[in-house]
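Sequential numbering of the sequence shown, starting at 1048, is according to the numbering used here.
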Amino acid sequence: MLDRGMRRLIDPPLDRLGRLLASRGVGADAVTLIGTVLGLMAAALIALGHSGIALLPLLASRLADGLDGAVARATAKTDFGGFLDITCDFLFYGAIPLGFVVMDPAANGAAGAFLLTSFYFNGATFLGFAILAERRGMETRARGMKSLYFTGGLLEGTETIAFFVVLCLWPDWFVPLAWGFGALCFITALSRVVLAKKVFPPG
């Protein structure tokens, strides 16, 4: 829901930094992989009970996630780069909740499983819509230039990162927050199913 406005705010400085990195020979795929490593470091720190410290690599990983696209725009976008980016994003979004489950399996296990299931369902509707949109030649730049067709929703990347930040600051609230956010993810996914029914009618 907030991604469109956030893109207008962060894209200009990211594009400047992306052009600088590209001029120094830094590739977009390398930035993607660095961001992924940082995200997994954050998940590991959370699992070890250091959720506050985990904020640093977590936020750095999301900066890298924005920069890889900026570097690609300054050089050349590739299909593999788009594939790598979305794959690493999904790994990151799964690893952070997993970190909280590992930190306290007894307390966080059920809520964490529900949250990850909601992410799985939401991700399936997102990718399924993108595949059908590509097949029909649909395009959108509402959330910046992307390798995939990005549909909006109640919860998008901005809300999810804000949610992860809140979890890192107040880990004792993981259970109610995970149940609540997971429920909103299910609503987002179901709304995308309804949209797909309208946009891709049978026949």
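Backbone N, C-alpha and C fix where the C-beta goes; we use that ideal spot for every residue, glycine too.
- No residue range can be given for residue 1247, since it is assigned to no alpha helix (DSSP H) and is classified by DSSP as neither H nor E.
- Secondary structure note for residue 1219: it is in no alpha helix (DSSP H), with a DSSP letter that is neither H nor E.
- Taking a cut-off of 8 Å on C-beta distances, the region 1139-1155 does not touch the region 1172-1180, as fewer than three cross pairs fall below it.
- Your pair residue 1141 and residue 1091 does not check out as a contact, with CB atoms roughly 14 Å apart and the cut at 8 Å.
- Comparing alpha carbon positions, the residue from 1236, 1244 and 1219 closest to residue 1096 is 1219.
- Taking residue 1168 as the centre and dropping the five residues before and after it, the same chain places the C-beta of 1236 closer than 6 Å to its C-beta, in chain order.
- Scanning the region 1052-1117 from its first residue to its last, no whole beta strand (DSSP E) run of 3-plus residues comes out.
- With a beta-carbon spacing of about 6 Å, residue 1224 and residue 1214 fall inside the 8 Å limit used to define contacts.
- When the five nearest sequence neighbours on each side are left out, the beta carbons in the same chain lying within less than 6 Å of the beta carbon of residue 1078 are those of 1111, 1114, 1115 and 1118, in order along the chain.
- If you check the CB distance, residue 1159 and residue 1137 do not come in under 8 Å.
- Under a 10 Å Cβ-count criterion, residue 1123 is classified as exposed, with fewer than 16 other Cβ atoms of the shown protein chains found around its own Cβ.
- Going by beta carbons, residue 1086 and residue 1139 fall inside the 8 Å limit.
- Under the three-state reduction of DSSP, residue 1150 is assigned to helix.
- In this model, residue 1206 and residue 1070 are separated by some 32 Å (Cα to Cα).
- Note on residue 1126: under 16 other CB atoms within 10 angstroms of its CB, so exposed under the neighbour-count rule.
- Considering only 1157, 1062 and 1072, the residue with the shortest C-alpha distance to residue 1227 is 1157.
- Beta-carbon to beta-carbon, residue 1155 and residue 1240 are separated by about 28 Å, too far to satisfy the 8 Å threshold.
- Closest by C-alpha distance to residue 1244, out of 1059, 1172 and 1102, is 1172.
- Cβ contact annotation for residue 1184 (same chain, cutoff 7 Å, sequence separation greater than five): none.
- From the listed residues 1180, 1060, 1121 and 1106, the smallest Cα separation to residue 1081 is found for 1106.
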